[in-house]
Amino acid sequence: MAHESANHAEVHDHGDAQHYWYHGDKAALTRRLKRIEGQIRGIQRMVDEDEYCIDILTQISASTKGLQAVALNLLEGHLAHCVAEAQTSGDPTAAEAKVKEASDAVARLLRT
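Okay, so the sequence shown: first residue is 1 according to my numbering, each after it adds one.
Okay, structure coming up:
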């Protein structure tokens with residue numbers, strides 16, 4: 001059974017466990033986030049070691065692009081699964097809400 005969570009992500013109940021649509025890609029998503037985490041730690045180290053500003057900015061750019069790629073992947077999945085499911089549910093209010101939710105997420109991403 002699917003239902004809405006507090007953060008409005010599509011959740012599917014499987015007994016006692018809940019799985020978001022990206023559950024199947026969770027390992028890849030986690031690897032990517034750990035790589036970005038390593039980049040951030042590298043930036044902290046660079047600042048601690050008084051490295052050249054431009055080198056630090058280059059690393060910040062790389063980690064920012066990594067986060068943007070993760071965000072785009074999550075947004076694409078949300079559109080393909082959550083929004084598409086709402087569109088086919090027959091509930092126009094749910095469909096409109098999911099489209100607005102996705103539109104708001106895109107607006108937040110563009111402001112960053």
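Glycine residues also receive a C-beta, built at the ideal position from the N, C-alpha and C atoms.
Computed from a predicted model, the values in this text were never measured in an experiment.
Coarse secondary structure for residue i, derived from DSSP in three states
i	result
Y22	helix
D50	coil
D55	helix
S61	helix
D91	coil
Environment of residue i [buried if 16+ CB atoms lie within 10 Å]
i	result
V83	buried
Of the listed residues the options, nearest to residue i (C-alpha basis)
i	options	result
Q39	E51, V47, A62, S103	A62
W21	M46, H78, G66	H78
E76	V106, R35, Q44, A28	V106
Rounded straight-line distance, which links the Cα of residue j to that of residue i
i	j	result
A94	E85	10 angstroms
R41	S103	32 angstroms
I60	G90	44 angstroms
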